[in-house]
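Undergrad: One structure coming up, written as structure tokens, with questions to follow.
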Amino acid sequence: MVTDTTGVGRRTGEVVRRAFAAVGIEVKSRAVARDVMYSRFCNRPAAEVAVCPNVGWVRQLDDAQTVLEQTFSGAAILSSNNSNWPQLDVPSINRAIAAAGRISAPAARARAWGRVDRMITAQAPAIPIIWGEIPFISSADVVNVIGAATGAPSLPMISLRPSDDCPPGSDC
């Protein structure tokens, strides 16, 4: 297992190591600088690192393809800068990913990517260990704008709701 040397990285690695130990799996751990973790170990299949608990992926757009293709398609396995960390290369999943990527009708696309997700989950190639907690600003005086790509508040777009006492076009 290779972790990064940040405080959170080391702690995450220790939690994962203890979880493996609790089920009888001994894990040798190495902590390196974050850039080294990616460039020499976790993003290089030839390094043969079994566990990289500090890597992660977030969706780029509001579309399952941005999460599932790069992280679980056999075609995405690269000798460097690899983001298919489990090196999942299952022909039936690869075909389903390719087919889902060609569908443009939103409902059919969502169903196809849902099937891909279930196929991947059945293989258990990754363990989600950290779920992001995203703060939401809530008030009767705040207009929230939720980014479609992230599902999180878009801070540059959030604004204050105009007061009922404020006439249109005024600066109050």
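Going by this note's numbering, the first residue of the sequence shown is number 961, and it counts up by one from there.
Glycine is no exception: its CB is placed at the ideal position from the N, C-alpha and C atoms.
(1) Between which two residues does the beta strand (DSSP E) holding residue 1006 run?
(2) Should residue 1035 be labelled buried (16 or more other beta-carbon atoms within 10 Å of its own) or exposed?
(3) To the nearest angstrom, how far is the alpha carbon of residue 1011 from that of residue 961?
(4) Give me the Cβ distance between residue 923 and residue 1003, rounded to the nearest whole Å; I'm assuming they're in contact under 8 Å.
(5) Shortest alpha-carbon distance to residue 1032 belongs to which of 1018, 1106, 1054?
(6) Locate the alpha helix (DSSP H) running through residue 1075, then write down its first and last residues.
(7) Whole angstroms are fine: how far does the CA of residue 1113 sit from the CA of residue 1106?
(8) Since I believe residue 993 is in contact with residue 965 (beta carbons under 8 Å), could you give me their beta-carbon distance rounded to a whole number of angstroms?
(9) Under 9 Å, do residue 967 and residue 989 count as touching if we go by C-beta distance?
(10) Taking the continuous alpha helix (DSSP H) assigned at residue 976, which residues delimit it?
(11) Please list the terminal residues of the continuous beta strand (DSSP E) segment that includes residue 992.
TA: For this structure:
(1) As a working mapping, residue 1006 is identified with position 46 in the sequence shown. Counting along the chain, residue 1006 falls outside any beta strand (DSSP E), and DSSP gives it neither H nor E.
(2) What you label residue 1035 is simply residue 75 of the sequence shown in a count that begins at 1. The residue is exposed, with fewer than 16 neighbouring Cβ atoms inside 10 Å.
(3) Numbered from its first residue, the sequence shown carries residue 1011 at position 51. Numbered from its first residue, the sequence shown carries residue 961 at position 1. About 5 Å.
(4) Here the chain comprises residues numbered 961 to 1132, so residue 923 is not present and cannot be evaluated.
(5) In the sequence shown, counting from the first residue as 1, residue 1032 sits at position 72. Considering only alpha carbons, the answer is 1054.
(6) Counting from one through the sequence shown, the residue named residue 1075 turns up at place 115. From DSSP, the alpha helix (DSSP H) with residue 1075 extends over 1066-1083.
(7) Taking the sequence shown and counting its residues from 1, the one referred to as residue 1106 is at position 146. Taking the sequence shown and counting its residues from 1, the one referred to as residue 1113 is at position 153. Computed Cα separation, rounded: 4 Å.
(8) The residue given as residue 965 occupies position 5 in the sequence shown. The residue given as residue 993 occupies position 33 in the sequence shown. Right, their Cβ atoms sit about 6 Å apart.
(9) To locate residue 967, count along the sequence shown from 1; it is residue 7. To locate residue 989, count along the sequence shown from 1; it is residue 29. For residue 967 and residue 989, no; Cβs fall outside 9 Å.
(10) Counting from 1 along the sequence shown, the entry for residue 976 is found at position 16. It spans 967-982 - the alpha helix (DSSP H) in which residue 976 sits, taken as one unbroken run.
(11) Translated into the one-based positions of the sequence shown, residue 992 becomes position 32. First-last of the beta strand (DSSP E) with residue 992: 990-992.
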